[in-house]
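Heads up: the sequence shown begins at 78 in my numbering, then just goes up one per residue.
Heads up, the beta-carbon is just placed ideally off N, CA and C, and yes, glycines get one too.
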Amino acid sequence: MMPDFVHFEPSTGRILQAGHCAATDLAHQTFPGAALMLGHGDPQTDYVDRDLYAVRVRPSLAIPLTATLTVGETLAIALPVDAQVEVDGVIMHLPAGEHVLSAEWPGTYAVVIRAWPYRDHALSVEVGP
Numbered sequence: 078m079m080p081d082f083v084h085f086e087p088s089t090g091r092i093l094q095a096g097h098c099a100a101t102d103l104a105h106q107t108f109p110g111a112a113l114m115l116g117h118g119d120p121q122t123d124y125v126d127r128d129l130y131a132v133r134v135r136p137s138l139a140i141p142l143t144a145t146l147t148v149g150e151t152l153a154i155a156l157p158v159d160a161q162v163e164v165d166g167v168i169m170h171l172p173a174g175e176h177v178l179s180a181e182w183p184g185t186y187a188v189v190i191r192a193w194p195y196r197d198h199a200l201s202v203e204v205g206p
């Protein structure tokens, strides 16, 4: 039998590595600074719920995938704790709460929102004149 395992950050539940090996080799599976638990998990889509000590699917943010604005118009987005917002490659770290997007120039803007344990969220904002 080849059990699945995950290495994860004890402080966040972020899965760092996933794999499987012979049961006799589990004792040799180490990853510096990480905790080990049995179970299947994908570092891109899952995390370890530290309260339940179980692998869970990372939730999605309740934000639309596209938005259309005119120059000067604003779009309010509710952000979770310690969100990182990237707009066309420029990264901003923002506290929890409502964040307002606006643009001074027409164009299409690529917005990526990252807030652990939520999945990264891509938002395309089209700004017209």
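Beta-carbon contacts of residue i that lie in its chain and below 7 Å, excluding the five residues immediately before and after
i: residue 140; result: 154, 190, 198 and 200
i: residue 165; result: 186 and 187
i: residue 98; result: 79 and 106
Residue i burial status per 10 Å Cβ neighbour count (16 or more: buried)
i: residue 103; result: exposed
i: residue 84; result: buried
i: residue 156; result: buried
i: residue 149; result: exposed
i: residue 167; result: exposed
i: residue 134; result: exposed
Where residue i sits in the DSSP three-state scheme
i: residue 176; result: strand
i: residue 105; result: helix
i: residue 166; result: coil
i: residue 89; result: coil
i: residue 191; result: strand
i: residue 158; result: coil
i: residue 137; result: coil
i: residue 204; result: strand
i: residue 152; result: strand
i: residue 142; result: coil
i: residue 184; result: strand
Residues sharing a beta bridge with residue i, DSSP
i: residue 131; result: 126
i: residue 81; result: 97
i: residue 121; result: According to DSSP, which records beta bridges pairwise, residue 121 is partnered with nothing at all.
i: residue 115; result: 82
Alpha carbon of residue i to alpha carbon of residue j, nearest angstrom
i: residue 113; j: residue 137; result: 25 Å
i: residue 195; j: residue 110; result: 22 Å
i: residue 192; j: residue 120; result: 15 Å
i: residue 207; j: residue 175; result: Outside the shown range of the chain (78 to 206) lies residue 207, about which nothing can therefore be said.
i: residue 89; j: residue 172; result: 18 Å
i: residue 206; j: residue 183; result: 6 Å
i: residue 169; j: residue 161; result: 6 Å
Sequence-distant residues of its chain with Cβ nearer than 8 Å to residue i (five each side left out)
i: residue 152; result: 144, 146, 177, 178, 179 and 202
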